Structure formats: C-alpha cells, structure tokens
Amino acid sequence: MHMADALLSPAVGATMWVAAGSVLALSARRLDRQSDDRMVPLMGVLGAFIFAAQMINFAIPATGSSGHLGGGLLLAILLGPPAAFIVIASVLTVQALFFADGGLLALGANIFNLGFFPCFLAYPLIYRPLAGDGTSRARVVAASLLAAIIALQLGALGVVLQTIASGISNLSFGTFAALMLPIHLAIGIVEGIVTAVVVLFVLRARPDLFAARTAPTAPLGRLLITFAAAAALIGGVLSWFASGHPDGLEWSLERATTGEAAEEQGVKAWLAQAQQRVAILPDYDFAAPAAAADSEPGTEAAASWPDVKLGTSASGIVGGVLTLVLVFVAGTLLRRTRRSASPPAG
Amino acid sequence: MSRVDAALRDLRSLDALAARDTPLARVDARALTVTTLAFIVTVVSFDRYAVAALLPLALYPVALAALGDVPAAALLRKLAVAAPFAVMVGLFNPLLDRAPMAIGSVDIAAGWVSFTSILVRFALTVSAALLLVAGTGMNGLAAALRRLGMPRVFTAQLTFLFRYAFVLGGEATRMATARQLRGNGRPMRLAEAGPMLGHLLLRAFARAERIHQAMRARGFDGEVRLLGGRRWQARDTLFVAGWCVWFALVRTVDVPQWLGWLMTGAT
Chain X
1 MHMADALLSP AVGATMWVAA GSVLALSARR LDRQSDDRMV PLMGVLGAFI FAAQMINFAI
61 PATGSSGHLG GGLLLAILLG PPAAFIVIAS VLTVQALFFA DGGLLALGAN IFNLGFFPCF
121 LAYPLIYRPL AGDGTSRARV VAASLLAAII ALQLGALGVV LQTIASGISN LSFGTFAALM
181 LPIHLAIGIV EGIVTAVVVL FVLRARPDLF AARTAPTAPL GRLLITFAAA AALIGGVLSW
241 FASGHPDGLE WSLERATTGE AAEEQGVKAW LAQAQQRVAI LPDYDFAAPA AAADSEPGTE
301 AAASWPDVKL GTSASGIVGG VLTLVLVFVA GTLLRRTRRS ASPPAG
Chain B
347 MSRVDAALRD LRSLDALAAR DTPLARVDAR ALTVTTLAFI VTVVSFDRYA VAALLPLALY
407 PVALAALGDV PAAALLRKLA VAAPFAVMVG LFNPLLDRAP MAIGSVDIAA GWVSFTSILV
467 RFALTVSAAL LLVAGTGMNG LAAALRRLGM PRVFTAQLTF LFRYAFVLGG EATRMATARQ
527 LRGNGRPMRL AEAGPMLGHL LLRAFARAER IHQAMRARGF DGEVRLLGGR RWQARDTLFV
587 AGWCVWFALV RTVDVPQWLG WLMTGAT
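Protein chains in written order, with my numbering: chain X, 1 to 346; chain B, 347 to 613.
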C-alpha cells in the first residue's frame with residue numbers, strides 16, 4: 001500500500017526523504033565500488049520485469065480475488081540489497097510520477113517502507129540465514145514466506161506510523177494498525193509463496209545466477225541497518241511531537257503562562273501571532289491546547305477550538321469560490337493565448 | 347491485466363507530451379523539478395483544516411497544464427484512478443472528528459472539513475507530479491535529477507527501467523494472452539503463474555545479457571551519459587522565483603478570505 005502526499009505532514013515527509021535518500025546514496029556508492037558494468041542493464045531490465053510481472057495475475061485460492069507479485073524480496077534475492085534497493089526506488093519513482101501512486105513528497109516514505117525493509121532487514125536477517133545455500137526446497141519456501149510477511153508487516157507499520165505522526169488523518173494508531181496489519185499479513189503470505197515458487201524455478205533452471213550472491217555480507221550492510229533504523233526512530237519520534245501534537249516546549253509554555261497576569265497575555269498573543277506568520281511548518285494543534293488549558297479539561301474545549309483557527313465564515317466561502325473561478329479563468333486565458341499564438345501545425 | 351496494459355499506454359502518452367515544443371517543455375527541467383517540489387511542500391504545510399486557503403495554489407497545476415497543452419480530461423482520469431487510498435483513509439475523519447464547526451451559519455462535523463482538505467491536497471500534489479513529467483519527459487527528468495546531484499546509478503536506472511518496461515510489459519501481456527486463449531476461461535492458478543513468472547524472469551536475464559553485449563560493442567565503459575545538457579537561462583530563474591513568491595504569498599496571506607472580504611465587506 002502506498003503512502004499518499006495528502007496524508008503526510010512536511011516534517012514526516014522530509015524525514016523520510018532524508019532516510020530514503022541516505023540509504024540510496026550509500027547503496028549507490030556501494031555499487032559504484034563494485035564497478036560491475038553488467039549490473040547497469042541487469043538492474044534496468046529487472047526493474048522492468050517487476051512492472052511486467054504485475055500483468056500476470058493469478059487467482060488466490062478460497063478468496064475469489066486475484067493477486068500479483070510485488071517483487072521487493074525477489075529483487076533482493078536476485079541482485080543483493082544495494083542494487084535491489086535502487087531498483088525498487090526507481091520503480092516507485094516511476095509509479096509516483098506516472099501513475100500518481102503516492103506522490104512526490106510521500107516517495108521517500110514509500111521507498112523506505114517498500115524498499116528498506118525487504119532489502120536491508122528481511123533479506124539479510126531472515127531470508128539468507130534461513131534459506132542457506134538454496135539446496136533445500138522446504139527451507140527456501142519457509143524463508144521466503146517468513147521474510148515476505150515480516151517485510152510487509154514492517155512496511156504497513158511504517159505507513160501507519162507516518163500517517164499518525166503527520167496528524168492529517170484522525171485515525172488512531174490502534175484502529176489504523178488493526179486495519180492495515182491483517183490485510184498485509186494476507187498480502188505477505190501470497191507474496192512469500194510467489195517469491196518461493198519463482199526462486200525455486202530459477203534455481204532449477206539457472207543455478208549459476210545465484211552463485212555470485214552467496215558471498216558473505218560486508219560490514220556496510222550492518223552499518224546501513226543501524227544508521228537507517230536510528231534515522232527512522234529519531235524521525236518518527238521527533239515528528240510525532242512536532243506535528244501530531246504541539247511541540248512539548250510550546251505546550252508547557254502555554255500551560256505555564258495562561259495563569260499569569262493579563263499584560264503578559266498581550267505579549268504572548270502577539271508572539272503567537274508572529275510565530276504563526278513566520279512559521280514555515282504549521283503548528284497544527286496550536287490553538288487546541290491553548291483553549292483546553294484555558295477552560296478546565298473536558299468542558300467546552302472541543303466545541304470552541306476549531307472556530308479559533310478557521311475563518312470559515314460567509315466571506316471565506318465566497319472568497320474560496322471566487323479564487324477557483326479566477327484560477328480557471330487564468331488557465332483558460334493562458335490556453336487561448338497559446339492557441340492563437342502558436343501556428344496550427346504546432 | 348488490462349489495467350497494467352492501460353497504465354503502460356498512459357506511461358507512454360504522458361512521456362510523449364513532453365516531446366512537443368510547448369512553453370512548458372522549454373522551461374529547464376531542473377527549474378520545473380525544483381518548483382514542483384516547492385509547490386508540494388507548500389501544499390502539505392497548510393493547517394489540516396485548510397480548504398479555501400489552499401485553492402489559490404491550484405493556479406500552479408492549471409497554469410502548467412495550459413502552458414504544456416496537457417488535456418485536462420487525461421489528468422482528471424489519472425487523479426480518479428489514484429484516489430482510493432487517500433479517500434479511504436480520509437473518510438475516517440468525518441467519523442472520528444465530530445467537533446462541530448461553523449461554516450457560515452451551518453454547523454458540520456470538523457472531520458468533513460479536514461476530509462475535504464485531504465482531497466484538495468491530493469488533487470494538487472498528484473496533478474503537479476503528473477504535470478512535471480508531462481513537461482520534462484522521463485529522460486529529461488532523469489538528466490535534471492543527475493544535474494541536481496542524484497547518484498548516477500539511480501538516474502541511469504530510471505532511464506533503463508523506463509525503456510524496458512514497455513518491452514517486458516509487451517512480453518508479459520503476450521504470455522498472459524496466450525494462456526488465456528488456451529485456458530478456456532479458467533482463472534490462472536498459482537501453479538501456472540509461478541513458472542510463467544520464472545520464464546519471464548529468465549527471458550529478462552537473457553535480454554540483460556544481450557543488452558550488455560550490445561552496449562559493450564558500442565563502447566560502453568560503465569558510465570551512462572544522459573543527454574539534455576541545456577544551459578540555465580534567466581527565464582528559468584524567473585520561473586522558479588516567480589512561483590516561489592506566489593507560494594509564499596498564498597502561504598502567508600489567506601487570499602480567498604481577503605477576496606471574500608473585498609466582495610462582501612464581512613469577515
């Protein structure tokens with residue numbers, strides 16, 4: 001499931017971009033050092049294979065629905081973590097740009113959720129130790145199943161955490177997790193089985209393709225894991241405080257100062273107003289705790305706070321409609337002047 | 347199957363839009379990329395209940411579509427196809443956020459306002475991303491990303507992926523069609539899909555080997571060079587600066603509120 005721009009706050013989106021971008025840069029450097037020029041076309045074609053594989057839909061027994069290969073784990077098995085991560089990132093980029101899956105701000109989050117977990121966690125920590133050298137079919141099946149399930153659960157958990165931390169959706173962590181995790185358990189089982197079937201098929205037909213991948217992991221892999229896990233943790237925890245709820249410091253300041261003398265209120269209000277104007281990142285619930293702290297908790301805070309922030313009065317509606325009309329008039333005029341200016345052959 | 351097939355066709359048509367000589371295509375790809383990112387960050391930085399205040403930002407996608415001669419119907423169709431996830435998650439807002447909010451003289455649940463905000467955000471950010479590609483094309487965008495400092499491995503990967511998605515997509519479609527014709531309407535089972543995917547994968551490996559040999563024969567030295575080295579011009583600076591000023595203005599001043607005040611005299 002792709003994370004969407006519409007549900008993301010800039011703080012969370014940017015954090016995930018930094019996390020995904022760092023892993024991408026490290027993976028690229030690692031590949032550059034390998035300098036195996038066969039990898040360039042191989043990665044490109046395997047990325048295209050992921051697109052193509054989604055055209056082969058199969059029936060899922062006992063459900064009446066159909067599924068297809070996702071491919072993250074399969075790529076990690078075939079190409080190794082750094083190359084697979086870059087391929088997945090490229091596939092997601094094309095999907096974000098052309099199919100409007102997710103969006104550009106959410107791209108970092110999507111690359112992280114769908115690329116980092118299968119490539120740098122599920123494959124090296126679960127698949128490889130379990131599958132061994134690939135001679136035992138049962139071990140390959142068990143390893144793919146477990147690795148795919150864990151990768152998809154972590155990815156789904158990532159979507160949930162990023163959505164909650166952004167604070168655009170009202171869903172609570174428990175509800176959203178209860179929705180996402182079981183769905184992704186089912187998806188993970190299907191993904192694991194398909195991955196196992198394809199891996200076993202290729203193992204039988206071209207065992208040489210896997211020979212190169214059994215080399216031991218370099219320490220960089222471990223470094224990457226530590227680094228990215230730390231980034232995710234810090235980003236997740238920090239942005240949780242930054243956007244879902246008001247910043248801890250500000251919140252306690254609000255509480256501390258509301259009981260003070262009246263003249264301070266003026267200065268504080270002015271400061272708050274100035275901060276609202278200057279802030280690049282919005283302070284979503286800034287007004288909410290202020291109202292809640294003024295009155296006793298639970299009285300009429302809920303009823304009063306939306307009004308504080310919103311200028312949704314008659315003039316707001318009139319203005320909104322007017323803006324839309326103006327925007328589309330501008331667009332139509334631009335189109336018309338373009339048509340008349342350019343020769344018909346264009 | 348037909349969905350992905352249609353998606354691949356869409357992929358090609360969107361890329362083809364950039365090949366024409368429009369004012370949009372004449373904007374430097376780097377300028378368009380940077381401005382689009384600034385646009386998206388501006389959109390998502392608004393308050394969760396912002397609806398009207400977001401609307402002036404629609405000028406950006408509307409202007410790009412006009413400058414690039416991008417058919418509005420195609421854009422709207424893509425938006426509709428991509429909408430389900432954002433709509434699904436957003437629909438919980440009216441259920442969970444029941445605080446009453448005054449819209450004019452009518453009270454509605456605040457969740458409906460934030461849900462509308464999610465839809466507006468979705469339409470704005472997604473259409474901007476689609477128009478970015480319609481303006482630069484995949485190769486132009488990859489070259490721009492390379493010049494903006496993206497790793498070479500990644501930009502080369504993007505161009506390769508884009509090129510061979512159609513080739514392998516066609517191969518997969520033919521395989522699936524062949525099975526369908528012989529399957530007498532029976533749905534494909536996993537036991538058949540597995541070997542089919544395996545064969546497709548083996549063909550992909552073989553193709554990669556052939557491509558590699560062909561590239562070596564033409565002097566490939568491990569580095570993919572992308573064309574598109576246009577010089578940055580004054581009008582590109584103007585494009586980026588002008589739009590950023592507009593985004594900053596809309597972000598700091600509630601333009602619709604102000605317009606409404608101008609029209610009705612009421613606040």
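Just so you know, even glycine gets a beta-carbon here, dropped at the ideal spot from N, CA and C.
In this text, all values refer to a predicted model and were calculated from it rather than measured experimentally.
Inset, instruction - Quick one: list the residues of chain B neighbouring X:G13, beta-carbon separation under 9 Å, in chain order. - result: Here the question's residue 13 of chain X lines up with position 13 in the first sequence. Within chain B, the residues near X:G13 are I386, V387, V390.
Legend entry - 8 Å CB neighbourhood of B:T505 in its chain, flanking five on each side removed: Start at 1 with the first residue of the second sequence, and residue 505 of chain B comes out as number 159. Hits under 8 Å: M484, N485, A488, V570, L572.
Legend entry - is_contact[X:V318, chain B] using C-beta, thresh 8 Å: As a working note, residue 318 of chain X is residue 318 in the first sequence. Yes, because at least one Cβ of chain B sits closer than 8 Å to the Cβ of X:V318.
Inset, instruction - Measure the Cβ-Cβ separation of X:M43 and X:A83 and say whether it is below 8 Å. - result: To locate residue 43 of chain X, count along the first sequence from 1; it is residue 43. To locate residue 83 of chain X, count along the first sequence from 1; it is residue 83. Their beta carbons are under 8 Å apart, which means X:M43 touches X:A83 by this criterion.
Inset, instruction - State the DSSP-derived secondary structure class of X:F58, mapped to helix, strand or coil. - result: Indexing the first sequence from 1 puts residue 58 of chain X at position 58. Strand, per DSSP.
Inset, instruction - Give the single residue among B:A384, B:R423, B:L370 whose Cα lies nearest to the Cα of B:V479. - result: By 1-based counting over the second sequence, the position of residue 479 of chain B is 133. Sorting B:A384, B:R423, B:L370 by C-alpha distance to the C-alpha of B:V479 places B:L370 at the top.
Legend entry - Counted within 10 angstroms of its Cβ, other Cβ atoms place B:M434 as buried (16 or more) or exposed: As a first step, residue 434 of chain B is located in the second sequence; it is residue number 88 there, counting from the start. By the Cβ-count criterion, B:M434 is exposed, with fewer than 16 other Cβ atoms from all chains shown falling within 10 Å of its own Cβ.
Legend entry - Where B:I449 sits in the DSSP three-state scheme: Residue 449 of chain B sits at position 103 when you count from the first residue of the second sequence. In the three-state scheme derived from DSSP, where H, G and I count as helix and E and B as strand, B:I449 is classed as strand.
Legend entry - Contacting residues, own chain, Cβ-Cβ under 6 Å from B:L507 (five flanking each side not counted): Locating residue 507 of chain B in the second sequence gives position 161, counting from the first residue. Excluding positions up to five away in sequence, the list is empty.
Inset, instruction - Could you say which of X:N113, X:F51, X:V321, X:Q34 lies nearest to X:T362 if we only look at CA atoms? - result: No statement about residue 362 of chain X is possible, as the shown extent of chain X runs from 1 to 346 and does not include it.
Legend entry - Nonlocal neighbours in the same chain, by C-beta distance under 6 Å from B:L360, ignoring five residues either side: Taking the second sequence and counting its residues from 1, the one referred to as residue 360 of chain B is at position 14. In its chain, beyond the 5 residues on either side, V479, A480 have a beta carbon closer than 6 Å to the beta carbon of B:L360.
Legend entry - Those runs of the alpha helix (DSSP H) which lie wholly inside the segment 544-606 of chain B and span at least 4 residues: Qualifying alpha helix (DSSP H) stretches, in chain order: 580-598.
Legend entry - Short Cβ contact (8 Å threshold) for B:P624 with B:L401: Here chain B covers residues 347 to 613 and nothing more, so residue 624 of chain B does not appear.
Inset, instruction - Using only alpha-carbon positions, find the residue among X:G108, X:V87, X:G21 that is nearest to B:A502. - result: To locate residue 502 of chain B, count along the second sequence from 1; it is residue 156. Residue X:V87 holds the alpha-carbon nearest to the alpha-carbon of B:A502 among X:G108, X:V87, X:G21.
Inset, instruction - Can you give me the Cβ contacts of B:N439 inside the same chain, cut-off strictly under 6 Å, excluding the 5 residues immediately before and after it? - result: Translated into positions along the second sequence, residue 439 of chain B becomes position 93. Same-chain partners within the cutoff: G457, S460, F461.
Inset, instruction - Taking X:L69 as the query, report the chain B residues whose CB atoms sit under 8 Å from its CB, ordered along the chain. - result: Your numbering for residue 69 of chain X matches position 69 in the first sequence. The answer, in chain order, is L543.
Inset, instruction - For B:T379, count neighbouring C-beta atoms within 10 Å of its own C-beta (all shown protein chains included) and say buried if the count is 16 or more, exposed if not. - result: Sequence index remark: in the second sequence, residue 379 of chain B carries index 33 (1-based). It is buried - the Cβ of B:T379 has at least 16 other Cβ atoms within 10 Å.
Inset, instruction - Kindly list the residues whose CB is nearer than 6 Å to the CB of X:G207, restricted to its own chain and excluding five residues on each side of it in sequence; keep chain order. - result: For the purposes of this step, residue 207 of chain X is identified with residue 207 of the first sequence, where counting begins at 1. The sequence given here has Pro at residue 207 of chain X, not Gly. The answer is none, since no qualifying residue turns up.
Inset, instruction - Determine which residues of the segment 435-456 of chain B have a Cβ less than 9 Å from any Cβ of chain X, and write them out in chain order. - result: Within the segment 435-456 of chain B, the qualifying residues are V435, G436, F438, N439, P440, L441, L442, D443, R444, A445, P446, M447, A448, I449, G450, S451, A456.
Inset, instruction - Compute the Euclidean distance between the alpha carbons of B:V586 and B:F385, then round it to the nearest angstrom. - result: As a working mapping, residue 586 of chain B is identified with position 240 in the second sequence. As a working mapping, residue 385 of chain B is identified with position 39 in the second sequence. Approximately 10 Å, taken between the alpha carbons.
Inset, instruction - Any chance you could list the alpha helix (DSSP H) runs of at least 4 consecutive residues sitting entirely within the segment 91-121 of chain X, in chain order? - result: Segments of the alpha helix (DSSP H) lying fully in the segment 91-121 of chain X: 107-111.
Legend entry - For X:A205 and B:G544, believed in contact at Cβ under 8 Å, the rounded distance: Looking up residue 544 of chain B in the second sequence gives position 198. Looking up residue 205 of chain X in the first sequence gives position 205. In this structure B:G544 is in contact with X:A205, their Cβ atoms being roughly 7 Å apart against a cut-off of 8 Å.
Legend entry - Cβ shell of X:S90 (< 6 Å), same chain only, five flanking positions each side left out: Translated into the one-based positions of the first sequence, residue 90 of chain X becomes position 90. Only G47 meet the Cβ criterion.
Inset, instruction - Excluding the 5 residues preceding and the 5 following B:G436 in the sequence, name in chain order all residues of the same chain whose CB lies nearer than 6 Å to its CB. - result: Taking the first residue of the second sequence as 1, we reach residue 436 of chain B at position 90. The beta carbon of B:G436 is closer than 6 Å to those of F461, I464 in its chain, skipping five residues each way along the sequence.
Inset, instruction - Taking only beta-carbon positions, decide if X:H2 is within less than 8 Å of chain B. - result: As a first step, residue 2 of chain X must be located in the first sequence, where it is residue number 2. With 8 Å as the cut-off, X:H2 counts as an interface residue toward chain B.
Inset, instruction - Express the C-alpha separation of X:H184 and X:F51 in angstroms, rounding to a whole number. - result: For the purposes of this step, residue 51 of chain X is taken as the residue at position 51 of the first sequence. For the purposes of this step, residue 184 of chain X is taken as the residue at position 184 of the first sequence. Cα-Cα distance, rounded: 20 Å.
Legend entry - Inter-stretch contact (C-beta, 8 Å, three-pair minimum) for the segment 12-31 of chain X and the segment 109-127 of chain X: The answer is yes - the segment 109-127 of chain X touches the segment 12-31 of chain X, with three or more Cβ pairs under 8 Å.
Inset, instruction - Please state whether DSSP places X:G67 in a helix, a strand or coil. - result: The residue given as residue 67 of chain X occupies position 67 in the first sequence. Strand.
Legend entry - Exposure label - X:Q54; buried when at least 16 CB within 10 Å: Here residue 54 of chain X refers to the residue found at position 54 when the first sequence is read from its first residue. Classification for X:Q54: buried.
Inset, instruction - Measure the CB-CB distance between X:G132 and X:F210 and report whether it falls below 8 Å. - result: On the first sequence, position 132 is the one that residue 132 of chain X refers to. On the first sequence, position 210 is the one that residue 210 of chain X refers to. For X:G132 and X:F210, no; Cβs fall outside 8 Å.
Inset, instruction - Pull up the distance between the alpha-carbon of B:R528 and that of X:L200, whole angstroms please. - result: By 1-based counting over the second sequence, the position of residue 528 of chain B is 182. By 1-based counting over the first sequence, the position of residue 200 of chain X is 200. Annotation: B:R528 to X:L200 spans about 25 Å, alpha carbon to alpha carbon.
Legend entry - Cross-strand partners of B:A455 (DSSP beta bridge): Translated into the one-based positions of the second sequence, residue 455 of chain B becomes position 109. According to DSSP, B:A455 bridges with B:P446.
Inset, instruction - Select from X:Q34, X:L79, X:R33 the residue whose C-alpha is nearest the C-alpha of B:F551. - result: In the second sequence, the residue the question calls residue 551 of chain B occupies position 205. Among X:Q34, X:L79, X:R33, the Cα nearest to that of B:F551 belongs to X:L79.
Legend entry - Whole-angstrom distance between B:R525 and B:R549, CA atom to CA atom: Within the second sequence, residue 549 of chain B is the residue found at index 203, counting from 1. Within the second sequence, residue 525 of chain B is the residue found at index 179, counting from 1. Looking at the two C-alpha atoms, the distance is approximately 17 Å.
Inset, instruction - Pick helix, strand or coil for X:G331, following the three-state DSSP scheme. - result: On the first sequence, position 331 is the one that residue 331 of chain X refers to. Helix, per DSSP.
Inset, instruction - Report yes or no: is there a C-beta of chain B within less than 8 Å of the C-beta of X:N113? - result: As a position in the first sequence, residue 113 of chain X is number 113, starting the count at 1. No, its Cβ sits nowhere closer than 8 Å to a Cβ of chain B.
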